[in-house]
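Trainee: Next up is a structure, given as structure tokens.
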Amino acid sequence: MENNTNQSHQLLHSYCLNPEVKLDTQGLNEPILVVVRSHPFTQLPWIFNSVFLFILLITLNILLFSIFSTAQVIFINTFSIILILSYIWFNILDWFFNVGIVTNERIIDVDFMNVLYKEVTEARLDKVEDITSKSGGFFESFFDYGDVFIQTAGSAVHIEFMNISKPSDVVRIISDLVGK
Amino acid sequence: MEFKGLELFNSQIITSLAIKFFSIIFSVFYLVYTLVIAKQTQVMNKTLQVKNNHVFFFVSTAQIIAAIILIILAIILV
């Protein structure tokens with residue numbers, strides 16, 4: 019919270035430097051340097067799905083009026099709209115809270131699989147052995163997103179940041195921290 | 445003729461009751477879902493604390509209220 023110098027949020031908060039974020043396991047002298055999320059481009063499928071569902075609902079209304087009473091149609095519409103909004107909210111939560119965090123001491127991968135299952139993987143910087151960035155394909159190259167794999171010494175812990183923005187920048191920052 | 449009219453009336457009532465029953469059931473399921481999501485949002489907010497955490501709490505609460513409104517609508521309207 020105290021480190022506000024050079025604070026920046028880019029690509030809809032998918033790549034944040036020195037953000038105003040706190041972790042529940044954060045140490046007192048452990049500022050968060052980088053927070054990464056999936057690139058906004060990778061979120062397009064559920065956005066398109068939501069738009070499609072709204073269009074489908076509008077189209078289905080023509081049929082609904084010939085089958086159900088007005089009161090029933092009002093209920094079906096209300097219920098459907100709320101369900102679609104819930105679907106959107108679910109995906110926003112899924113995107114926002116699945117983060118990769120780099121502090122001056124650790125690398126932390128916070129995963130909420132389908133919102134319901136929580137998995138927090140962390141590795142100390144002095145245990146990091148190998149950092150790999152993978153970015154291949156037309157869209158990955160064009161929008162600058164990809165995966166970062168971090169391997170640690172002597173344990174089975176491997177941290178993966180999937181579809182994150184600016185993977186090469188993240189690798190550079192981690193390499194600089196590991197080298198210190 | 446009277447018998448056929450009564451049969452049609454009965455089938456309409458049965459269909460209407462079935463729709464009402466399923467509307468209430470689905471609304472209750474949705475309420476359970478919103479409660480689970482609200483609880484999980486609290487866990488998420490605790491894990492990662494950001495400046496505008498209250499937005500997540502607000503939307504989760506709005507979802508629960510919407511689910512309660514749906515149940516009321518299912519009972520009264522359908």
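Which chain is which? The protein sequence lines are A and B, in order. All residue numbers for the first sequence refer to my numbering, where the first residue is 19 and numbers rise by one. All residue numbers for the second sequence refer to my numbering, where the first residue is 445 and numbers rise by one. Where a beta carbon is used, it is the ideal one built from N, C-alpha and C, also for glycine.
1) Is Pro58 (chain A) closer than 7 Å to Leu30 (chain A) when the C-beta atoms are compared?
2) Could you check whether the stretch 496-512 of chain B touches the stretch 465-480 of chain B, counting it as contact only if at least three pairs of C-beta atoms, one from each stretch, sit closer than 8 Å?
3) To the nearest angstrom, how far is it from the Cα of Ile100 (chain A) to the Cα of Thr491 (chain B)?
4) Helix, strand or coil, according to DSSP, for Gln28 (chain A) in the structure here?
5) Would you identify the three-state DSSP class for Phe470 (chain B), choosing helix, strand or coil?
6) Tell me the rounded alpha-carbon separation between Leu46 (chain A) and Thr121 (chain A).
7) How would you write the range of the alpha helix (DSSP H) that Val196 (chain A) sits in, first residue to last?
8) May I ask you to list, following chain order, the residues of the stretch 476-492 of chain B that have a beta carbon less than 9 Å from some beta carbon of chain A?
9) Show which residues of chain B have a CB atom less than 9 Å away from the CB atom of Leu82 (chain A).
10) Between the C-alpha atoms of Ser153 (chain A) and Phe161 (chain A), what's the straight-line distance to the nearest angstrom?
11) Can you list the residues of chain A that Ile463 (chain B) reaches, using a CB-CB cut of under 8 Å?
12) With a 10 Å radius around its C-beta and 16 neighbouring C-beta atoms as the bar for buried, classify Leu195 (chain A) as buried or exposed.
13) Using 7 Å as the limit for Cβ to Cβ distance, is Ser455 (chain B) near chain A?
14) With burial defined as no fewer than 16 other Cβ atoms inside 10 Å of the residue's Cβ, what is the status of Thr459 (chain B): buried or exposed?
15) What residues from chain A crowd round Phe501 (chain B), counting only those whose CB sits closer than 8 Å?
16) Compute the beta-carbon to beta-carbon distance between Ile191 (chain A) and Leu51 (chain A), rounded to the nearest angstrom, for a pair I have assumed lies under 8 Å.
17) Express the C-alpha separation of Ile516 (chain B) and Glu140 (chain A) in angstroms, rounding to a whole number.
18) Grouping DSSP H, G and I as helix and E and B as strand, with all else coil, what is Lys152 (chain A)?
19) Using beta carbons (cut-off 7 Å, strictly below), is Asp42 (chain A) in contact with chain B?
20) Which residues of chain A have a Cβ atom closer than 7 Å to the Cβ of Val522 (chain B), listed in chain order?
21) Grouping DSSP H, G and I as helix and E and B as strand, with all else coil, what is Leu521 (chain B)?
22) Can you name, in chain order, every residue of its own chain whose Cβ lies under 7 Å from the Cβ of Glu137 (chain A), other than the five neighbours on each side?
23) Using three-state DSSP, classify Ser56 (chain A) as helix, strand or coil.
24) Any beta carbon of chain A sitting closer than 7 Å to that of Val472 (chain B)?
25) In chain order, what residues of the same chain have a beta carbon less than 8 Å from the beta carbon of Glu123 (chain A), not counting five sequence neighbours either side?
Mentor: Once the coordinates are examined:
1) The residue you call residue 30 (chain A) lines up with position 12 of the first sequence. The residue you call residue 58 (chain A) lines up with position 40 of the first sequence. Contact: yes.
2) Touching, per the Cβ criterion.
3) On the first sequence, position 82 is the one that residue 100 (chain A) refers to. On the second sequence, position 47 is the one that residue 491 (chain B) refers to. Answer to the nearest angstrom: the Cα atoms are 27 Å apart.
4) Counting from 1 along the first sequence, the entry for residue 28 (chain A) is found at position 10. In the three-state scheme derived from DSSP, where H, G and I count as helix and E and B as strand, Gln28 (chain A) is classed as strand.
5) Within the second sequence, numbered from 1, the residue matching residue 470 (chain B) stands at position 26. DSSP places Phe470 (chain B) in helix when its eight states are reduced to three.
6) Taking the first residue of the first sequence as position 1, residue 46 (chain A) is located at position 28. Taking the first residue of the first sequence as position 1, residue 121 (chain A) is located at position 103. C-alpha of Leu46 (chain A) to C-alpha of Thr121 (chain A): approximately 12 Å in a straight line.
7) Sequence index remark: in the first sequence, residue 196 (chain A) carries index 178 (1-based). Counting along the chain, the alpha helix (DSSP H) containing Val196 (chain A) begins and ends at 185-197.
8) Within the stretch 476-492 of chain B, the residues whose Cβ lies closer than 9 Å to some Cβ of chain A are Tyr477, Thr478, Val480, Ile481, Gln484, Thr485, Val487, Met488, Asn489, Lys490, Thr491, Leu492, listed in chain order.
9) Locating residue 82 (chain A) in the first sequence gives position 64, counting from the first residue. Going along chain B, no residue has its Cβ under 9 Å from Leu82 (chain A), so there is no contact; the nearest lies around 12 Å.
10) Within the first sequence, numbered from 1, the residue matching residue 153 (chain A) stands at position 135. Within the first sequence, numbered from 1, the residue matching residue 161 (chain A) stands at position 143. Taking C-alpha positions only, Ser153 (chain A) is separated from Phe161 (chain A) by approximately 10 Å.
11) Position 19 of the second sequence, counting from 1, holds the residue named residue 463 (chain B). Near Ile463 (chain B) (Cβ distances below 8 Å), the residues of chain A are Phe86, Gln90.
12) In the first sequence, residue 195 (chain A) corresponds to position 177, counting from 1. Result: buried.
13) Here residue 455 (chain B) refers to the residue found at position 11 when the second sequence is read from its first residue. Closer than 7 Å: no.
14) On the second sequence, position 15 is the one that residue 459 (chain B) refers to. It counts as exposed.
15) Looking up residue 501 (chain B) in the second sequence gives position 57. Contact annotation for Phe501 (chain B) against chain A: no contact, minimum CB-CB distance about 12 Å [criterion: below 8 Å].
16) Residue numbering aside, residue 191 (chain A) sits at position 173 when the first sequence is read from its first letter. Residue numbering aside, residue 51 (chain A) sits at position 33 when the first sequence is read from its first letter. At roughly 7 Å, the Cβ-Cβ gap stays under 8 Å, so Ile191 (chain A) and Leu51 (chain A) are in contact.
17) The residue labelled residue 140 (chain A) in the question sits at position 122 within the first sequence. The residue labelled residue 516 (chain B) in the question sits at position 72 within the second sequence. One C-alpha to the other measures close to 46 Å.
18) Stepping through the first sequence from its first residue, residue 152 (chain A) is reached at position 134. DSSP places Lys152 (chain A) in strand when its eight states are reduced to three.
19) Taking the first sequence and counting its residues from 1, one reaches residue 42 (chain A) at position 24. Closer than 7 Å to some Cβ of chain B, the Cβ of Asp42 (chain A) qualifies, so yes.
20) Indexing the second sequence from 1 puts residue 522 (chain B) at position 78. Correct list: Ala89, Gln90, Phe93.
21) Counted from its first residue, the second sequence places residue 521 (chain B) at position 77. Look at Leu521 (chain B) here: in three-state DSSP terms it is coil, with no helix or strand label.
22) Along the first sequence, read from residue 1 onward, the residue named residue 137 (chain A) stands at position 119. Around Glu137 (chain A): Asp129, Met131.
23) As a position in the first sequence, residue 56 (chain A) is number 38, starting the count at 1. In the structure shown, Ser56 (chain A) sits in a strand (DSSP, three-state: E or B).
24) Along the second sequence, read from residue 1 onward, the residue named residue 472 (chain B) stands at position 28. No, Val472 (chain B) lies away from the interface with chain A (no Cβ there is under 7 Å from its Cβ).
25) Taking the first sequence and counting its residues from 1, one reaches residue 123 (chain A) at position 105. Excluding sequence neighbours, Glu123 (chain A) sits near Gly45, Glu48, Arg142, Leu143.
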